[in-house]
Amino acid sequence: MTDEAAHGLIEWSDFEKVLICAGTVTQVEAFPQARKPAWKLWVDFGPYGIRKTSAQIRHLYAAEDLLGRQIVGVINFPPKQIGPFVSEFLLTGFPTEEGVVITAIERPVPNGTRLA
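Just so we're aligned, residue 1241 is where the sequence shown starts under the numbering used here, counting upward by one.
Structure follows, in structure tokens:
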């Protein structure tokens, strides 16, 4: 069975509901209370403001690798409580055996630019 068949086709209007935007990491902190090694990230999404998330990406990314980097996030999910921290967006990436590889932006775009 193909992935398409397993997950079903969606309409363009379904895709338009997901707000996937570019943002720049402005702050990174350790998250020692997380069950798996994680960072707390604050990201500037331009007109959508600064939002925070918890990301289990410490195996592949040091704090200094993330600061100032543009990332791709889903910013219209409801907030999610993760221990003592509230996550306000989903950082996108691809799971590998080594850890999650962050979705890359090939060249800079304005913060808040929506994926098309």
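No residue lacks a Cβ here, since even glycine has one placed at the ideal position from N, Cα and C. Here the structure is a predicted model, which means the values were calculated and not measured.
The stretch 1346-1354 and the stretch 1259-1270 touch, with three or more beta-carbon pairs separated by less than 8 Å.
In the DSSP assignment, W1282 forms a beta bridge with Q1267 and K1292.
Spatial neighbours of L1306 in its own chain (CB-CB distance under 6 Å, excluding positions within 5 residues in sequence) are listed in chain order as V1265 and V1268.
Around the beta carbon of V1326, fewer than 16 other beta carbons sit within 10 angstroms, so the residue counts as exposed. Sequence-distant partners of V1340 (beyond 5 residues in either direction) whose C-beta falls short of 6 Å from its own C-beta, in its chain, are I1297 and G1333. Judged by their CB atoms, K1292 and K1280 are nearer to each other than the 8 Å cut-off. Counted as a single uninterrupted DSSP element, the alpha helix (DSSP H) harbouring F1255 occupies residues W1252 to E1256.
By DSSP's assignment, G1333 forms a beta bridge with I1342.
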